[in-house]
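In this note's numbering, the protein residues as written are 108 to 252.
Next up, the structure:
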């Protein structure tokens, strides 16, 4: 049997969207539509019902029809994007936290596990000299070696 003879069901979905990568962040963008069509997996699709034209001795005798065909189901869906200040604040806080954590983890890995960790430690942190060997400038108060 062909698909038409056995019957089938199609789903046609109209999808709307006004979200575009990067550009929709800065203002209004027109709504665009596209259609998605898919066949629903059915072994067959039929309908068994009384015929429009019945015999003269109806309801003693009845005529039924087995109808095969294509059922089309329409759906509408999609997303509308809009600016939300709370969501923006949450995303900024998350971004800052992620960058801070990445920097901290990188520093910890290099300071404790890298083969040249002693060199990196002295480059990252300025180790102050012992204060007992320093003298104070009488004019500005700066501590010198």
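Glycine included, every Cβ here is placed at the ideal spot set by N, Cα and C.
Check	Outcome
Nearest-angstrom Cα separation, counted from residue 156 out to residue 171	6 Å
Residue from 145, 248 and 115 with nearest C-alpha to residue 121	145
Inside the region 149-215 only - beta strand (DSSP E) runs reaching at least 3 residues	153-157, 171-175 and 177-186
Three-state secondary structure assigned by DSSP to residue 224	helix
For residue 229, three-class secondary structure by DSSP	helix
Which of helix, strand or coil DSSP assigns to residue 142	strand
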